[in-house]
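Residue 1547 in the working numbering is what sits at position 170 of the sequence shown, and the numbering runs on without skipping anything.
Only one structure is covered here, and it is reproduced in the block below.
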Amino acid sequence: LTGLYNKEAFYHKVRQQLHTEPEKAQSIIYANIDDFKLVNDLFGRKTGDTVLIKTAEYLTDLCGTEGICARINADKFAVCLAKQHFSEDSLNSIAEKLSTVIQKSAKPLCIRFGVYHIEDPQVTVSVMAGYAKRALKTIKGDTVKRIAYYDNTFLVQKQREQRIMATFDGALNDRQFKIFLQPQISANGEVQGAEVLVRWIHPEQGLIPPGEFIDTLEKTGLISRLDKNVWEQAAELLRQWQGTEKDGLYLSINLSAKDFYYLDVYETITQLAERYGIAPQKLRLEITESVLMSDVEKLMDITQRLHERGFYIEIDDFGKGYSSLSMLKDIDVDVLKIDMEFLNETEHEEKSRIILESIIEMSKRLGMAVITEGVETQAQTELLQNIGCTMFQGYYFAKPMPVQEFERKYFVQGA
Ligand code: C2E
Ligand code: CA
Ligand code: CA
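So this is what it looks like as structure tokens:
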């Protein structure tokens, strides 16, 4: 269709080129058209073909006499070019030209480029193309960026992930994962409970915040083993508090989507509460709406059963991602947790305030409580109080802290 090399020929040609001119710096560019399948569906194959042919034409121009250009498959192209001939301008101008190929389309066609400036010519060409492709992936769906570069932060990231995975088991056995507590405060300033947030207390690196390892553990499913451990620490603490002045407090634990695949969440939670003799209302379950959206029926069912058993279901980060209002009618949610970040976009302050106020009104009418988290200032607290919020969590009140510090701060010693 396009007269370009196919994937195998491209790999072969590039290898030859690198071999004949090993001194010359070269770049690999991987290009992909957004939603190309839609073009075929909406405008027909013929238009789709035109787009591919045009793309091939522009890329061929870019290559000049020395570059190598290929269609890898469907709407994916690859180019090998002398680095000195590479420029963002030339890629942007291709994108400009291509955006007008289909004139009747409401949304202009968008082509994106991943770029790998070859550092190690010994690496196989398919791996190099993989680097460029990986760079491209980082800007998928981005509204602004059309060009992304591969750099060794990818490699550093990979190594970091591997280190986490390799040391996780040992760290878990060594009890290096500790729970921290951040108080949840009512309008009259009293602590009602706390969110349980994990910290990795590493023997050499010191305190590692969850942002640095949760993602990696989620990718591999290891998160379920960490969460089980964290939940157990929370249950143990609740048992310790029984019969003391802390008896009235609840703890909110975090559940990750992956937990539902690797664990029988219902069994795990109910057994934990039974084993430690904890009333279900003392253990609140924070679940993000994306969890409930991922495998709706199964997860909703489990969540609903936990609710019926008496555990409080809290929707974490409500309104941040896909707001799934319909979900609220299908399961009984006890608490909506809204992140203050939602309100911090000063440009839209008035609108944000109206939305927040309406969420609070709605939740009241649906019989749900609301907690606002990420509260950092007195002004925010006052604003929230004015629109009817009665529960708060955030740095303004306290940062997450070790259990002992929490107990010292909020309770008389030895009580
Ligand atoms: P999250 O569940 O949304 O937790 C709230 C995060 O906001 C916490 O970050 C908390 O320290 C932070 N925060 C609290 N108050 C404020 C404030 O006033 N301003 C700002 N800017 N931030 C505030 P942290 O502890 O770093 O945890 C990050 C995320 O890691 C959590 O977000 C949660 O998604 C995840 N996570 C933490 N512990 C666990 C766990 O045991 N299991 C699982 N699955 N995820 C966890
Ligand atoms: Ca949370
Ligand atoms: Ca949150």
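Don't be surprised by glycine CBs; every beta carbon is placed ideally from N, CA and C.
Asp-1693 lies in the alpha helix (DSSP H); which residues open and close that run?
Here Asp-1693 belongs to no alpha helix (DSSP H); instead the beta strand (DSSP E) covers 1689–1695.
Less than 6 Å between C-beta atoms, sequence neighbours within five positions excluded: which residues of the same chain meet that for Ala-1402?
Lys-1460
Take Arg-1661 as the anchor and find which of Pro-1586, Leu-1713, Ile-1578 has the nearest alpha-carbon.
Of Pro-1586, Leu-1713, Ile-1578, the residue nearest in Cα terms is Leu-1713.
Under three-state DSSP, which class holds Gly-1380?
coil
Would you mind working out which of Leu-1683, Ala-1634, Ile-1646, Ser-1470 sits nearest Ile-1664, comparing C-alpha positions?
Ala-1634
Near Thr-1593, which residues of its chain fall below 6 Å by C-beta distance, leaving aside the five closest residues on each side in sequence?
Glu-1538, Ile-1541
Helix, strand or coil, according to DSSP, for Arg-1489 in the structure here?
strand
DSSP has Asn-1377 in a bridge; who is on the other side?
Residue 1377 lies beyond the range of the chain shown here (1378 to 1792); nothing can be said about it.
Mapping DSSP to helix, strand and coil, what is Gln-1582?
coil
Closest by C-alpha distance to Lys-1384, when choosing among Glu-1400, Gln-1393, Arg-1448:
Arg-1448
Count Cβ pairs between the segment 1478–1497 and the segment 1436–1443 that sit closer than 8 Å; are there 3 or more?
no
Please report the straight-line C-alpha distance between Leu-1733 and Glu-1685, rounded to a whole angstrom.
28 Å
With a cut-off of 8 Å on the beta carbons, I'd call Pro-1352 and Arg-1576 a contact; round off their distance for me.
A question about residue 1352 goes unanswered here, because the residues of the chain that appear run from 1378 up to 1792.
If you run the structure through DSSP and keep just helix, strand and coil, what is Met-1677?
helix
For ligand 3, is there any heavy atom lying closer than 7 Å to the beta carbon of Lys-1390?
no
What are the boundary residues of the beta strand (DSSP E) that Ala-1408 is part of?
Taken as a continuous stretch (DSSP letters only), the beta strand (DSSP E) holding Ala-1408 covers 1403–1410.
Which of helix, strand or coil does DSSP assign to Phe-1769?
In this structure, Phe-1769 counts as strand in the three-state DSSP scheme.
What three-state label does DSSP hand Asp-1716 in the structure shown?
strand
Beta-carbon spacing of Cys-1487, Asp-1411 below 8 Å
yes
How close, in whole Å, do the beta carbons of Val-1642 and Ile-1679 come, if the pair is a contact with beta carbons under 8 Å?
6 Å
Which one of His-1579, Ile-1646, Tyr-1689, Thr-1515 has the shortest CA to CA distance from Glu-1609?
Ile-1646
Val-1780, enclosing alpha helix (DSSP H) - first and last residue:
1780–1787
Cβ shell of Glu-1718 (< 7 Å), same chain only, five flanking positions each side left out:
Gly-1751
Beta carbon of Asp-1716: closer than 7 Å to some heavy atom of ligand 5?
This structure simply doesn't include ligand 5; it includes ligand 1, ligand 2 and ligand 3 instead.
Does the segment 1729–1748 come close enough to the segment 1774–1785 to have 3 or more Cβ pairs within less than 8 Å?
Touching, no.
Which residues share a DSSP beta bridge with Ile-1556?
Val-1575
Option nearest Lys-1522 by Cα separation, candidates Leu-1513, Lys-1555, Glu-1726:
Leu-1513
Neighbouring residues (CB closer than 6 Å to any heavy atom of ligand 2):
Of all residues, those with a beta-carbon under 6 Å from at least one heavy atom of ligand 2 are Glu-1572, Asn-1631, Glu-1663, Asp-1693, reported in chain order.
What does DSSP give as the partner residues of Leu-1702 in its beta bridges?
For Leu-1702, which the question treats as bridged, DSSP gives no partner whatsoever.
Using a Cβ-Cβ cut-off of 6 Å (strictly less than) and excluding sequence neighbours within five positions of Arg-1682, which residues of its own chain qualify?
When the five nearest sequence neighbours on each side are left out, the beta carbons in the same chain lying within less than 6 Å of the beta carbon of Arg-1682 are those of Tyr-1643, in order along the chain.
Label Thr-1520 either buried or exposed according to how many other C-beta atoms from any shown protein chain fall within 10 Å of its C-beta, with 16 as the threshold for buried.
Per the 10 Å Cβ criterion, exposed.
Among residues of its own chain, excluding the 5 on either side of Cys-1766, which ones have a beta-carbon nearer than 7 Å to its beta-carbon?
So the list reads Ile-1737, Val-1747, Thr-1749, once near-sequence residues are dropped.
How should Glu-1443 be labelled, buried or exposed, when 16 other C-beta atoms within 10 angstroms of its C-beta is the threshold for buried?
Its Cβ having fewer than 16 others within 10 Å, Glu-1443 is exposed.
Identify which residue in Tyr-1772, Arg-1742, Leu-1743 has its Cα closest to the Cα of Ala-1753.
Here the sequence assigns Glu to residue 1753, which means Ala is not the residue at that position. It is Tyr-1772 whose Cα lies nearest to the Cα of Glu-1753.
Any heavy atom of ligand 1 closer than 7 Å to the CB of Ile-1591?
In this structure, ligand 1 has a non-hydrogen atom nearer than 7 Å to the beta-carbon of Ile-1591.
Where Phe-1454 falls: helix, strand or coil (DSSP)
DSSP, reduced to helix, strand and coil, places Phe-1454 within a strand of the structure shown.
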